[in-house]
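The opening position of the sequence shown corresponds to residue 2 in the working numbering, with each subsequent residue numbered one higher.
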Amino acid sequence: MADILPPDMLERSRTPPGLLSNAEKDRLIERGFLGLYRWYTARSQETRNWNPDRSFDWRQMNQNLPPDVITVLQGFFAVEQYAPDFTSHLVHLVRRSHGRSHFQLRWGSEEEKHADTWENAVLFSGQRSPQWIAEYKERLKSQTWELPFPDAIHNLVYTVFQERATQLNYLNMMKIAQGKSDKPHLRGVDDPVLARVSQIIAVDEAAHYNFFLEGVRMYLYYYPEATLNAIKNVIAQFSMPAANLVPDWEAFFETVYRAGVYGPREFQRDVMQVAFRNLGIESRKALEDGIRKTREVPDFEGGNFKTTAIWDTFDYGMVEGDVRRLHVKIQDYEKEIGFDLYDPTEFVENPEVPRKDSAAADD
């Protein structure tokens, strides 16, 4: 699998008759990403085309927010300051893929809006001066964010969990701003502007999560073993981006935990389990058990075939259904534009997947 760089159409591999070659799998995944990127961009422009300055009534922001809320806003602002690093490194990693590299540019433009919006929130809170903000930005930008993993598949998986975690952070901030927190020190907070900011950015993060989720599903369908290994590796060492760069990260993390915004419990229940459910994985234990069993079986080298051990690790039928539905969505979009007349995207089954009907026939 092209795990370091996106698909290389010239790749050739020894493949048993009747199965898809790695080059063909890579081509199918690349076409899926291209179609998904086109669909995503059109939808983004139609439904989420807001502006950090003009879309909110900043003059009406509450200037008496509790210190913990200000600390959280400052942390959100700090993390989003690394949007140029996030974007440039990811674009370089997947630059050979039209769909993925161009989506990362689109993603970066949306993350840039988040950075500007959280900066506005800190400024209009009235509790940080423009000079303080400028100096803090300079301090943040003196360091560079680096990719958490060296290869494309691990970083793709990482973004699924990271985007879901970020969305959760912003949704919980929205509840606080709406006065719905169950924490005594945050009861009575009332800031409609901050609530709307949090909600709108959370919607963006949900869209990002769904894009990356669709990508992981395609990899999981065509490259199940490598993708499941990547998922296992990512969750074993997951941390939020820029955790090692933001100078006051420990205070920020302690505050978001105390405020009920985000912590280990939220990651387990509202991030990892949600992503697992969307990927057809029963649990972390089932994932690890399945991978351990799969390592005991041979690969395709020398004409040997894998056993069905890997397929017991996740609900491949559900994943296949999701990948099929993605392709229907892409095909519908292509028909609207006319792409279907010249170069349609097609779904191709993975023959490696065991079919229940054939298994029953063997019995």
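Backbone N, C-alpha and C define an ideal beta-carbon position, used for all residues, glycine too. What you are looking at is a predicted structure, and each value in this text was computed from that prediction instead of being measured.
Restricting attention to Met175, Leu74 and Ser102, the CA atom closest to the CA of Phe253 is found in Leu74. Judged by their CB atoms, Ser199 and Tyr171 are nearer to each other than the 7 Å cut-off. The region 205-224 makes contact with the region 271-287; the number of CB pairs closer than 8 Å reaches 3 or more. Note that the C-beta distance between Gly76 and Ile331 is not below 7 Å. Phe253 sits in a helix when the DSSP states are folded into three classes. In the structure shown, the three-state DSSP call for Phe315 is strand.
For Asp183, the number of other beta carbons within 10 angstroms of its own is below 16, and it is reported as exposed.
Judged by their CB atoms, Arg140 and Tyr210 are not nearer to each other than the 7 Å cut-off.
About 4 Å separates the Cβ atoms of Trp146 and Asp86, confirming a contact at the 8 Å cut-off. Restricting attention to Glu267, Ala79 and Glu335, the CA atom closest to the CA of Trp133 is found in Ala79. Residue environment: Tyr343 is assigned as exposed (fewer than 16 neighbouring CB atoms within 10 Å of its CB, all protein chains considered).
At a Cβ-Cβ threshold of 7 Å, Val194 and Gln82 do not count as neighbours. For Glu113 and Ser102, the gap between their C-alpha atoms comes out near 16 Å. Among the bridge pairs identified by DSSP, Ile282 is matched with Phe315. Taking a C-beta distance under 7 Å as the contact criterion, Ala276 and Phe162 qualify as a contact pair. Taken through DSSP and simplified to helix, strand or coil, Thr145 comes out as coil. Between the alpha carbons of Ala43 and Ala24 lies a distance of about 29 Å. For the pair Val217 and Val158, the CB atoms are nearer than the 7 Å cut-off. By the criterion of a C-beta distance shorter than 6 Å, Gln128 is surrounded in its chain by Ile71, once the five residues flanking it on both sides are discounted. Nearest in C-alpha terms to Glu47, of all of Asp205, Gly339, Phe239 and Val349, is Asp205.
A direct Cα-Cα distance of roughly 9 Å separates Gln105 from Val95.
A buried status is given to Glu215, since no fewer than 16 other beta-carbon atoms sit within 10 Å of its beta-carbon. Where Ala203 is concerned, the enclosing alpha helix (DSSP H) starts and stops at Pro193 to Tyr223. Under the three-state reduction of DSSP output, Asp86 falls in the helix class.
Cβ neighbours of Lys142 within its own chain (closer than 8 Å, five residues either side excluded): Gln82. Out of Met174, Ser22 and Ser110, the CA that lies nearest to the CA of Arg49 is found in Ser110. With a 10 Å radius around the Cβ and a threshold of 16 neighbouring Cβ atoms, Gly318 comes out exposed. For Val349, same chain residues with a beta-carbon under 6 Å away, outside a window of 5 residues either side, are Leu29 in chain order.
Comparing alpha carbon positions, the residue from Phe213, Phe340 and Trp51 closest to His155 is Phe213. Close CB contacts of Asp191 within its chain, under the 6 Å cut and outside five residues either way in sequence, are with Gly180 (chain order).
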